[in-house]
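Participant:
There are 2 protein chains.
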Amino acid sequence: MDVVTTVVEMRRWAETARREGGVIGFVPTMGALHHGHASLIRAARAECERVVVSLFVNPTQFGPGEDFERYPRTMEADRALCERERVDALFAPSVAEMYPPGSETTVDIGTLGDVLCGAFRPGHFRGVATVVAKLFVIVTPHRAYFGQKDYQQTIVIQRLVADLGFGIAVVICPTVRERDGLAASSRNVYLSPDERRRAGSLFAALEEARRLIATGERSAGKIREAMRVILTSQGLVRVDYIAVIHPETLQPVDVVTGRVVVALAVWIGTTRLIDNAVIEAAHG
Amino acid sequence: MDVVTTVVEMRRWAETARREGGVIGFVPTMGALHHGHASLIRAARAECERVVVSLFVNPTQFGPGEDFERYPRTMEADRALCERERVDALFAPSVAEMYPPGSETTVDIGTLGDVLCGAFRPGHFRGVATVVAKLFVIVTPHRAYFGQKDYQQTIVIQRLVADLGFGIAVVICPTVRERDGLAASSRNVYLSPDERRRAGSLFAALEEARRLIATGERSAGKIREAMRVILTSQGLVRVDYIAVIHPETLQPVDVVTGRVVVALAVWIGTTRLIDNAVIEAAHG
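Residue numbers (this note's numbering), protein chains in the order written: chain A, 3 to 286; chain B, 3 to 286.
1) Tell me which residues of the region 77-111 of chain A have at least one Cβ-Cβ distance to chain B shorter than 9 Å, keeping chain order.
2) Could you list which residues in chain A have their beta carbon closer than 8 Å to that of B:T272, in chain order?
3) Are at least three pairs of beta-carbons, each pair with one atom in the region 260-279 of chain B and one in the region 202-222 of chain B, less than 8 Å apart?
4) Might you give, ordered along the chain, the residues of its own chain that have their beta carbon closer than 7 Å to the beta carbon of A:V246, omitting 5 neighbours on each side?
5) Residues of chain B with CB closer than 7 Å to the CB of A:L166, please, in chain order.
6) Pull up the CB-CB distance for A:P30 and A:A146, whole angstroms please, since I reckon it's below 8 Å.
7) Ignore the nearest five residues each way along the sequence and tell me which others in B:V97's own chain have a CB closer than 7 Å to its CB.
8) So with CB distances below 8 Å, who are the chain B contacts of A:V9?
9) Taking the alpha helix (DSSP H) that B:C119 falls in, what are its first and last residues?
10) Take the Cβ of A:F122 as the centre, count every other Cβ of all protein chains shown within 10 Å, and call the residue buried at 16 or more, exposed below.
11) Under 7 Å Cβ-Cβ, which residues of chain A neighbour B:L118?
12) Determine the DSSP secondary structure at B:D165, reduced to helix, strand or coil.
13) When the Cα atoms are used, what is the spatial distance from B:S41 to B:C175?
14) Chain A partners of B:L252, CB-CB under 9 Å?
15) Kindly indicate if chain B contains any beta-carbon less than 7 Å away from that of A:R13.
16) Answer with yes or no whether the minimum CB distance from A:R52 to chain B is below 7 Å.
17) Assign B:D80 to buried or exposed, taking buried as 16 or more other Cβ atoms, counted over all protein chains shown, within 10 Å of its Cβ.
18) Of all Cβ atoms in chain A, is any one closer than 7 Å to the Cβ of B:L57?
19) Since B:I244 and B:L193 are thought to touch, with beta carbons under 8 Å apart, how far apart are those beta carbons, to the nearest angstrom?
20) Spatial neighbours of A:A19 within its chain, please: CB distance less than 7 Å, with the 5 preceding and 5 following residues excluded, ordered by chain position.
21) In this structure, what does DSSP give as the bridge partners for A:N60?
22) Is the distance from the Cβ of B:L114 to the Cβ of B:R161 below 7 Å?
23) Could you compute how far the alpha carbon of A:D242 sits from the alpha carbon of B:V54?
24) According to the Cβ coordinates, are B:T108 and B:R86 closer than 7 Å?
25) In the DSSP assignment, find the unbroken alpha helix (DSSP H) run with A:F148 in it and report its ends.
26) Less than 7 Å between the beta carbons of B:A91 and B:D4, yes or no?
27) Let me know the alpha helix (DSSP H) ranges lying completely inside the region 151-232 of chain A, each 4 residues or longer, listed in chain order.
28) Would you verify that the beta carbon of A:R21 is, or is not, closer than 7 Å to some beta carbon of chain B?
29) Along the chain, where does the alpha helix (DSSP H) that runs through B:I43 open and close?
30) For the alpha helix (DSSP H) that contains B:R128, what are its first and last residues?
31) Indicate whether at least one CB of chain B lies closer than 7 Å to the CB of A:L233.
32) Can you give me the Cβ contacts of B:W15 inside the same chain, cut-off strictly under 7 Å, excluding the 5 residues immediately before and after it?
33) Can you pull the chain A neighbours of B:L162, defined as C-beta to C-beta under 9 Å?
34) Quick one: what does DSSP say B:L238 is sitting in, helix, strand or coil?
35) Excluding the 5 residues flanking B:R198 on each side, which residues of the same chain have their C-beta closer than 8 Å to its C-beta?
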């Protein structure tokens, strides 16, 4: 595995790979790799001749007071995981390499970045779009892999790819979960044992939404209320949002018809967790 | 010469050219090609195996009430010029092809886009940066050619290339001028014969600045005033700016030392013209 730390070197690597003709699969990450990331790498490995993983804790997608400083950094373990998963190149640039002095350019994704998590984390998706655009320019992948756990991010990236004309297939992989259903996340390490136990209620709330829709409930308000009851029963009362939304526009729906996404962002102590489920309402 | 009208086809063309290994030179234009453009194409032709010219009147870089509708469109003549100059591919997409329904992404270049022309044309450089980023993503050039006439644009593009990690050499070519010194511009066709005659005073004002600096004048205020007198003598009293600026930061300088750029934007009737000169002050 090649470990690459500069933009120039990564671009050269990608240019050579492109010239040799193979499909480049790309998994952009912030490191602290877990089995969710591993599943993305495996999907890329199965479909592409070359697999590139980037590892960059991007400061511009964190707001003031967020967890940029304490975000877990586990470079040696990440590197070992990438070796094990037969990654071809690990791109791990420094902040100064990605944002040299004088950097000013930002990529704004419009209204899709203003709702849901974007409403609670102003500028977050601008930071995501900017760094992902730059990574796409440098790595020039044919295919890029993202986890469904970050549902809004997958929609933002698809918009970015379409709008800037990238010839990249955006592949969304299923959320990987722990035994109790908690979505794999680098931030789960923040949880105390008690918080970790109660964190299972996010998935329980999504399962309740799925059950309600399967049994005919069509009121988004009633679904959201039932989800809130489950969270509250575990003491999770600080909720950024519980939303029933259109899967493409991300706009809230009042009445469930066809496919919807149920999404939530909840605080447990000082940790903010997100999760979602794509749910298809049966006709009639 | 291949005439390409879709993003997908252009990307495929570029991907093939990249794989075959030659250097791709790119000249992005809004069409209405004149000998200024021809000089850019010749520079690309001399240095690159493949030359791509884009022809796209980009709506997002025009403000409300500006000349987007009346901007000259001379596709057949442009095509003939490109054939004559041995262009390999002419990329001429429609507005709907470049901005399909739902497009929302913008690329913002920060403070460099807020001064000079940016102060008078809010959003102009955001439009420029957005469309050029997209063209760079699609055409994947090794080298891109711009005229010095649009000085601020060349600085904005260099910033864009650095910040988004494009491996593109930005080549700035000298301004091509008419006999009386008027900079070649697609907008010169707007001028009446009388306006055309008076338009020579932009170059005369720049030459006066050059003469003053060569003879020891170091006060930016005095240089600007002398330029204004020349413009006024030809009845050009509607001036957006006359500026003496740092060549990289674009910030105004009070005292000329080393290299400066003298730039101006002036209205003649309903036509706005810009021009500039890079001037080196001798030491001592």
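Backbone N, C-alpha and C define an ideal beta-carbon position, used for all residues, glycine too.
Facilitator: According to the structure shown:
1) M100, Y101, P102, G104, S105, E106, T107, T108, V109, D110 and I111
2) Within chain A, no residue comes near B:T272; the closest Cβ sits about 32 Å away, beyond 8 Å.
3) yes
4) Excluding sequence positions up to five before and after A:V246, its CB lies within less than 7 Å of the CB of A222, I225, R226, P254, V255, V258, V262 and V264, all in the same chain and listed in chain order.
5) Residues of chain B passing the Cβ test: T107, A135, K136 and V139.
6) 7 Å
7) So the qualifying residues of the chain are P61.
8) G167
9) C119 to F122
10) exposed
11) The contacting residues do not exist; B:L118 stays about 16 Å from chain A at best.
12) DSSP places B:D165 in helix when its eight states are reduced to three.
13) 8 Å
14) What B:L252 touches in chain A: nothing, since even the nearest Cβ is about 12 Å away.
15) yes
16) no
17) The residue is buried, with at least 16 neighbouring Cβ atoms inside 10 Å.
18) no
19) Not really, about 20 Å apart at Cβ, beyond 8 Å.
20) Non-local beta-carbon contacts of A:A19 in its own chain, meaning distances under 7 Å to residues more than five positions away in sequence, involve I26 and R52 in chain order.
21) Answer by DSSP bridge pairing: none, since A:N60 is not bridged.
22) yes
23) 49 Å
24) In this structure, B:R86 does not lie closer than 7 Å to B:T108 by Cβ.
25) A:F148 -> not in any alpha helix (DSSP H); beta strand (DSSP E) instead, spanning R145 to G149.
26) yes
27) 153-166 and 195-216
28) yes
29) H37 to E49 is the span of the alpha helix (DSSP H), which, as asked, contains B:I43.
30) H126 to V141
31) no
32) D4, V6 and A91
33) Chain A residues near B:L162: T107.
34) coil
35) L184 and N190
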